[in-house]
Structure formats: C-alpha cells, structure tokens
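A quick write-up on the structure given underneath.
Residue numbers (my numbering): 19 to 287.
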C-alpha cells in the first residue's frame with residue numbers, strides 16, 4: 019500500500035465533506051431569504067441534490083481508502099453511508115416529483131372534506147406516495163447514523179494511523195455527524211431538527227477540515243518514490259528470524275513474511 023495514496027484519499031474526502039458544509043450553509047441562506055419565492059425554492063432543491071452528489075464523492079474516497087488498508091470498520095462505514103445517500107435521493111425524488119404533479123392544494127382538500135365528509139381520492143393517492151418518499155428518506159437517516167457511528171469508531175480505534183491529533187479530531191467530527199443523524203431520527207420532536215442541522219454543519223466542517231490536513235504535497239511524493247538508493251534491508255537481507263515482530267507505526271504484532279501491517283497498512287521494512 020502506498021501511504022501517500024491513502025492519505026490523499028482521506029484528504030479528498032475531507033475536501034468534499036467541507037464543500038457539503040458550504041452547500042448546506044448556502045441552502046439555509048436561500049431558504050431564509052427566499053421564503054415565499056418559488057424560484058429560490060427550486061434553487062435550494064438543486065443545491066440539495068448537488069450536496070448529495072458531493073457527499074457521494076466523499077464516500078467514494080473513503081471506499082477507495084478502505085480497499086487499500088482493509089480495515090472492516092471503514093469498509094462498513096462507507097457502505098452504510100453510500101446506502102443512506104441512495105435512499106435519501108430516492109426519497110427526495112419521489113417527494114419532489116409528487117409535490118410537483120399534485121394538483122390538490124391542501125386547503126382545497128380540507129374544504130372538500132368539510133363539505134363532503136371525505137378527502138378527494140386523488141389527494142389521498144398523492145399523499146400516500148409522498149409518505150412513501152418520506153419513509154425512504156427516514157430509513158436512509160437511520161442507516162446514515164449507523165454509518166457515521168462506524169466511521170467514528172474507525173478513527174477512534176485507529177487514531178495511531180494518522181499524524182498528530184488528526185485521528186482524534188476526525189473521530190470527533192464523525193461523532194458530531196452521528197449525533198446530527200440521531201437528531202434527525204427524532205425529528206418528530208421538532209426542536210431536534212434545528213439541533214441536528216447545527217450538528218451537521220459542525221460535523222461536516224470539522225471532519226472535512228481535519229481530513230484536508232492529510233493533503234499530499236509534491237515533496238511527499240518525492241520522499242516516497244524519488245529515492246532510488248538501496249535500503250539497508252536490500253543491502254543486508256534479513257533472515258526469517260530477523261523479521262520485525264511489531265509494526266513500527268502502530269505497534270501491532272506481526273507474523274513472519276508479512277509485507278504490510280494488517281492493522282494500519284504500513285509497509286514492514
């Protein structure tokens with residue numbers, strides 16, 4: 019495994035998560051200033067979909083890193099988060115399409131009910147489909163909660179893979195996103211929606227800003243690939259009995275003949 023390649027995957031994921039936070043701020047701003055303006059409402063919806071796409075790009079970078087380091091927690095987290103995004107897209111599309119096609123104004127439906135004693139048949143059909151879209155989105159949020167929980171566990175359990183405080187800071191950012199998802203699961207309490215929104219912003223900017231610090235510079239690549247001088251192990255090959263017993267990077271126990279650490283993926287010299 020090329021350590022720089024993995025770091026760059028995490029850094030790219032950080033950039034995307036940070037951009038999701040920026041798009042969310044923009045969407046909130048448009049929602050506040052554009053209340054009552056249909057065109058701005060459509061723009062806000064478009065930004066929401068762009069945010070979902072950028073979120074997919076972030077998770078794809080996490081999946082790329084997971085394939086290289088082969089740590090189950092990261093693989094599970096990326097799979098759950100991708101499934102959550104897909105369900106959210108399906109739910110949002112259903113709700114938006116039905117809302118666009120629905121010819122029944124809610125006030126008209128209420129007046130119809132007061133006059134006739136029952137709701138218009140078409141209105142009930144559209145409402146049922148809208149609820150189906152909401153169900154997809156709600157299930158997506160539950161899966162998202164599990165995904166961010168696994169992501170936080172990955173950073174907590176493998177903090178030694180990352181320099182400085184990046185591992186701990188990333189775990190904190192993922193935990194904030196986990197809390198945001200939990201607040202949205204409890205959205206029926208109403209106030210939790212606002213709390214969840216705040217935690218989403220803190221989490222996206224926190225996790226994104228932290229992972230961006232892993233950005234690989236040209237000098238990093240030169241240091242990793244530029245030197246062609248033979249290493250000490252190449253000049254003096256070690257016998258199986260001289261193989262390292264512990265990973266120099268994370269301290270995990272190694273077995274003879276391993277080229278990479280099974281825990282953090284670092285090359286065994």
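Virtual Cβ for every residue (Gly too), placed ideally from N, Cα, C. These numbers were taken from a predicted model, which means no experiment stands behind them.
Legend entry - Limits of the unbroken alpha helix (DSSP H) element including residue 134: By one-based count along the chain shown, residue 134 stands at place 116. That run of the alpha helix (DSSP H) goes 124-134.
Inset, instruction - Tell me, to the nearest whole angstrom, how far the beta carbon of residue 104 is from that of residue 69; I am working on the premise that it is less than 8 Å. - result: Counting from 1 along the chain shown, the entry for residue 104 is found at position 86. Counting from 1 along the chain shown, the entry for residue 69 is found at position 51. Going by Cβ atoms, the distance from residue 104 to residue 69 rounds to 14 Å, so no, they are not a contact pair.
Inset, instruction - Give a yes or no on whether the C-beta atoms belonging to residue 112 and residue 59 are separated by under 8 Å. - result: As a working mapping, residue 112 is identified with position 94 in the chain shown. As a working mapping, residue 59 is identified with position 41 in the chain shown. Against a cut-off of 8 Å, the Cβ pair of residue 59 and residue 112 comes out as no contact.
Inset, instruction - Ignore the nearest five residues each way along the sequence and tell me which others in residue 253's own chain have a CB closer than 6 Å to its CB. - result: Within the chain shown, numbered from 1, the residue matching residue 253 stands at position 235. Bear in mind that a pLDDT of 32 at residue 253, under 50, signals an unreliable position, so the model cannot answer this.
Inset, instruction - For residue 154, collect the residues of the same chain with a Cβ closer than 6 Å to its Cβ; drop the 5 residues on either side in sequence, then sort them by chain order. - result: Position 136 of the chain shown, counted from the start, is the residue given in the question as residue 154. These residues qualify, in order along the chain: 105, 108, 109.
Inset, instruction - Taking the CB atoms as reference points, tell me whether residue 146 and residue 138 lie closer together than 8 Å. - result: Indexing the chain shown from 1 puts residue 146 at position 128. Indexing the chain shown from 1 puts residue 138 at position 120. No.
Legend entry - Residue burial classification, residue 211 (beta-carbon count within 10 angstroms, cutoff 16): Here residue 211 refers to the residue found at position 193 when the chain shown is read from its first residue. Label assigned to residue 211: exposed.
Inset, instruction - Taking 8 Å as the threshold, find out whether the stretch 162-169 comes into contact with the stretch 113-120 through three or more Cβ pairs. - result: no
Inset, instruction - Please determine, among 148, 144, 174, the residue with the shortest C-alpha to C-alpha distance to residue 89. - result: In the chain shown, the residue the question calls residue 89 occupies position 71. Comparing Cα-Cα distances from residue 89 to each of 148, 144, 174, the minimum goes to 174.
Inset, instruction - For the alpha helix (DSSP H) containing residue 118, list its first residue and its last residue. - result: Taking the chain shown and counting its residues from 1, one reaches residue 118 at position 100. Per DSSP, residue 118 belongs to the alpha helix (DSSP H) from 90-119.
Inset, instruction - Confirm, please, whether the CB-CB distance from residue 197 to residue 32 is below 8 Å. - result: Translated into positions along the chain shown, residue 32 becomes position 14. Translated into positions along the chain shown, residue 197 becomes position 179. It is not a contact, given that the beta carbons lie outside the stated cut-off.
Inset, instruction - Inspect the beta-carbon positions of residue 168 and residue 98 and report whether they are closer than 8 Å. - result: Position 150 of the chain shown, counted from the start, is the residue given in the question as residue 168. Position 80 of the chain shown, counted from the start, is the residue given in the question as residue 98. Yes; because the gap between Cβ atoms is below 8 Å, this pair is in contact.
Legend entry - Nearest-angstrom beta carbon gap, residue 81 and residue 96 [assumed within contact, 8 Å]: In the chain shown, residue 96 corresponds to position 78, counting from 1. In the chain shown, residue 81 corresponds to position 63, counting from 1. Rounded, the Cβ-Cβ distance is 4 Å, consistent with contact.
Inset, instruction - Mark residue 204 as exposed unless 16 or more other C-beta atoms lie within 10 angstroms of its C-beta, in which case mark it buried. - result: Residue 204 sits at position 186 when you count from the first residue of the chain shown. That one is exposed.
Inset, instruction - Closer than 8 Å by C-beta to residue 24: which residues in its own chain qualify, once you throw out the five before and the five after it? Chain order, please. - result: Translated into the one-based positions of the chain shown, residue 24 becomes position 6. 83, 86, 87, 283.
Legend entry - Secondary structure of residue 220, DSSP reduced to three states: One-based indexing of the chain shown puts residue 220 at position 202. In this structure, residue 220 counts as helix in the three-state DSSP scheme.
Legend entry - Three-state class that DSSP yields for residue 233 in the structure shown: Sequence index remark: in the chain shown, residue 233 carries index 215 (1-based). Of the three classes helix, strand and coil, the one that applies to residue 233 here is coil, per DSSP.
Inset, instruction - State the Cα-Cα distance for the pair residue 180 and residue 200, rounded to the nearest angstrom. - result: Here residue 180 is taken as the residue at index 162 of the chain shown, counted from 1. Here residue 200 is taken as the residue at index 182 of the chain shown, counted from 1. Answer to the nearest angstrom: the Cα atoms are 27 Å apart.
Legend entry - Cutoff 6 Å; reference residue 232; Cβ partners in own chain excluding five residues on either side: On the chain shown, residue 232 is found 214 positions in, with the first residue counted as 1. Contacts found: 25, 28, 29.
Legend entry - Member of 49, 77, 272 whose CA lies at the smallest distance from the CA of residue 100: By 1-based counting over the chain shown, the position of residue 100 is 82. Here the closest residue by C-alpha is 77.
Legend entry - Length of the line joining the Cα atoms of residue 49 and residue 62: As a first step, residue 49 must be located in the chain shown, where it is residue number 31. As a first step, residue 62 must be located in the chain shown, where it is residue number 44. Cα to Cα, residue 49 sits roughly 7 Å from residue 62.
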